[in-house]
Amino acid sequence: STQFIPPFTEDCRSDMYPPSGPTFRGDVSWYTVDLDSPPRERWTALITDKKTALVDVMQAIRDLANAFVPSGKLIELVDITLPFMVNTLPNPFGEEIRGISDVSGIPLGEVVLFNIFYEVFTV
Amino acid sequence: CTSVVAEDDKGNLLHGRNLDFGLFMGWDIKNKSWIISEKLKPLVVNLDFKRNNQTVFKSTNFAGYVGMLTGIKPHMFSLTMNERFSLDGGYIGILEWILGKRDGMWMSFLTRSVLENAKSYEDAKALLAQTKLLAPAYFILGGNQTGQGCIVTRSRLLSIDILEIDLKLGRWYVLETNYDHWKEPLFLDDRRTPAMKCMNRTTQANISLKTMYDVLSTKPVLNKLTTYTTLMQVSEGKLKSYIRDCPSPCMPW
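From first to last, the protein sequence lines are chains A and B. For the record, in the first sequence the residue sitting at position 18 is 18 according to my numbering, with numbers rising by one throughout. For the record, in the second sequence the residue sitting at position 208 is 208 according to my numbering, with numbers rising by one throughout.
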């Protein structure tokens, strides 16, 4: 019974393709990542393009963390401790994350958090 | 998340997924949406990873995230990853990592190295099944030959189960949301039943990337957490993705 609660569930859709209408926000742009370039430089073009949106999502995560710990200590902890963790990450991931932090201007600890969020989220 | 690998009646493997993320991470009352899910949508990109100017693999990703959740190694295999909940979860892996026990791998770094380095479907499956992880996960893998489609259910240390496509048993697709396939999903979050109902109604004769998109567009498989849909076909090396919306009324998860 929990699987049939229209309008939150619906019968099988058809003719949704090609994507259009209210459930289709838009296409996705393509970028090339050159694995022959140094890890630190691989994401520069992409992050230069997406810097504003990345800063935006990190601010939303910061706001969420501060909602739990208003003193800001949680974010402080992330900014102080996670940079040390980047040294322990296997190659090329540590260097790539440094490069993203350089280009975006987002603190290194917060870029590390973004990249290990799957493991952290289980908390 | 919902991931599905299906074999059509010509033996092609088709792989589709909805990437859902942002549960309980802040609800925007005015817009009736999850804050983080909406903030992630502008970051969705398709990536073509090249070496010697040759495509090694392609992926749909969030800019700033160096691991992989969705990808294809053209003409070889396709791979998606869905979250698996377990008390023996990632926080234990992180604690062990901090304490210096670093023989496990971070989940999305494993998927990235499999996409980058695995030489075949079987090679990929072995790496995903046997590599020690920091957090549990589901890996959904499609290949380039008939019968090559599976769900690898992983704890941090073990491969608990591998469910494969088996045409002799009438299993022409495998489908994973976020619950072990041998258990009932949480009754408040059963996206599996509606998804499988639509796959069964589509039938193997009619399955295509187009009809797979229909299944992934059916509520609650499409929900407020869905950021993008990706469709992949290994035999053609094709990856296509679309940023999604789920206007109200729509299931929050």
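Using N, Cα and C, we set each Cβ at its ideal position, and we do this for glycine too.
Comparing the C-beta of Arg-154/B with each C-beta of chain A, is any distance below 8 Å? What you label residue 154/B is simply residue 154 of the second sequence in a count that begins at 1. No, Arg-154/B lies away from the interface with chain A (no Cβ there is under 8 Å from its Cβ).
Contacts around Val-215/B, its chain only, beta-carbon distance under 8 Å, and the 5 residues preceding and following it disregarded: Position 215 of the second sequence, counted from the first residue, corresponds to residue 215/B. Excluding residues within five positions, the ones whose Cβ falls inside 8 Å are Val-4, Gly-16, Ala-195, Cys-198, Met-199, Thr-202 and Val-221.
Looking at chain D, is there any beta carbon in it that lies within less than 8 Å of the beta carbon of Thr-44/A? Note that chain D does not occur in the displayed structure, where the protein chains are A and B.
Taking Cβ-Cβ distances shorter than 8 Å, what residues in chain B pair up with Ser-29/A? Against the first sequence, residue 29/A aligns to sequence position 29. Val-45 and Asn-46, listed in chain order.
Reduced DSSP category for Glu-83/B - H, G, I as helix; E, B as strand; rest coil: Residue numbering aside, residue 83/B sits at position 83 when the second sequence is read from its first letter. It is a strand residue.
Starting from Val-33/A, trace the beta strand (DSSP E) both ways and give me its first and last residue. Looking up residue 33/A in the first sequence gives position 33. Where Val-33/A is concerned, the enclosing beta strand (DSSP E) stretches over 30-34.
Along the stretch 44-60 of chain A, where does the CB come closer than 7 Å to a CB of chain B? Name the residues. Leu-46, Ile-47, Lys-50, Ala-53, Leu-54, Asp-56, Val-57 and Ala-60
Using a C-beta cutoff of 8 Å, does Gly-142/B count as contacting chain A? Mapped onto the second sequence, residue 142/B falls at position 142. So, not an interface residue.
Three or more beta-carbon pairs under 8 Å between the stretch 82-92 of chain B and the stretch 125-143 of chain B, yes or no? yes
Contact set for Phe-4/A: own chain, Cβ-Cβ below 8 Å, skip 5 residues either direction: The residue given as residue 4/A occupies position 4 in the first sequence. Cβ neighbours of Phe-4/A beyond the five flanking positions: none.
Which residues in chain B sit within 7 Å of Arg-25/A, going by Cβ to Cβ distance? On the first sequence, residue 25/A is found 25 positions in, with the first residue counted as 1. What Arg-25/A touches in chain B: Lys-41, Ile-243, Arg-244 and Asp-245.
Taking the straight line between their C-alpha atoms, what separation do you get for Thr-81/A and Gln-148/B? Start at 1 with the first residue of the first sequence, and residue 81/A comes out as number 81. Start at 1 with the first residue of the second sequence, and residue 148/B comes out as number 148. Whole-angstrom Cα-Cα distance: 43 Å.
Report the rounded CA-to-CA distance for Ile-162/B versus Thr-153/B, giving the unit in angstroms. For the purposes of this step, residue 162/B is taken as the residue at position 162 of the second sequence. For the purposes of this step, residue 153/B is taken as the residue at position 153 of the second sequence. So the alpha carbons of these two residues sit roughly 6 Å apart.
With DSSP as the reference, label Thr-111/B as helix, strand or coil. On the second sequence, position 111 is the one that residue 111/B refers to. DSSP places Thr-111/B in helix when its eight states are reduced to three.
Based on the DSSP secondary-structure assignment, which residues constitute the bridge partners of Cys-150/B? Here residue 150/B refers to the residue found at position 150 of the second sequence. In the DSSP output, where bridge partners are listed per residue, Cys-150/B has Leu-141/B and Glu-164/B.
What residue range is occupied by the uninterrupted alpha helix (DSSP H) comprising Tyr-118/A? Here the question's residue 118/A lines up with position 118 in the first sequence. That run of the alpha helix (DSSP H) goes 117-121.
Tell me which same chain residues have a C-beta within less than 6 Å of the C-beta of Lys-41/B, skipping the five on either side of it? Here the question's residue 41/B lines up with position 41 in the second sequence. For Lys-41/B, where only same-chain residues beyond five positions count, the Cβ hits under 6 Å are Thr-227 and Ile-243.
Please report the straight-line C-alpha distance between Leu-89/A and Trp-43/A, rounded to a whole angstrom. Along the first sequence, one-based indexing puts residue 89/A at 89. Along the first sequence, one-based indexing puts residue 43/A at 43. About 17 Å.
Check whether the Cβ atoms of Gly-104/B and Gly-93/B lie closer than 8 Å to each other. Translated into the one-based positions of the second sequence, residue 104/B becomes position 104. Translated into the one-based positions of the second sequence, residue 93/B becomes position 93. In this structure, Gly-93/B lies closer than 8 Å to Gly-104/B by Cβ.
Reducing DSSP to helix, strand and coil, say where Tyr-173/B ends up. For the purposes of this step, residue 173/B is taken as the residue at position 173 of the second sequence. If DSSP states are grouped into helix, strand and coil, Tyr-173/B belongs with the strands.
Classification of Ser-29/A by the beta-carbon crowding that lies within 10 angstroms, buried from 16 upward: The residue you call residue 29/A lines up with position 29 of the first sequence. Counting Cβ neighbours within 10 Å, Ser-29/A comes out exposed, since fewer than 16 surround it.
Identify the contact partners of Leu-99/B in chain A, using a Cβ-Cβ distance below 8 Å as the criterion. If you number the second sequence from 1, residue 99/B lands on position 99. Ordered by position in chain A, no residue passes the 8 Å Cβ test against Leu-99/B, which lies about 11 Å from the chain.
Please check the pair Ser-78/B and Gly-142/B, which I expect to be a contact at CB under 8 Å, by giving their CB distance rounded to whole angstroms. Residue mapping note: residue 78/B aligns to position 78 of the second sequence, counting from 1. Residue mapping note: residue 142/B aligns to position 142 of the second sequence, counting from 1. Sure, about 4 Å apart at Cβ, within 8 Å.
Establish whether the CB of Asn-315/B and some CB of chain A are separated by less than 8 Å. Because chain B is modelled from 1 through 253, residue 315/B falls outside the range shown and cannot be assessed.
Would you mind telling me which residues of chain B sit closer than 8 Å to Ser-104/A, beta carbon to beta carbon, in chain order? To locate residue 104/A, count along the first sequence from 1; it is residue 104. The answer, in chain order, is Gly-64.
Neighbourhood of Asp-79/A by C-beta distance below 6 Å, restricted to the same chain and skipping five residues each side: On the first sequence, residue 79/A is found 79 positions in, with the first residue counted as 1. Correct list, in chain order: Pro-107 and Gly-109.
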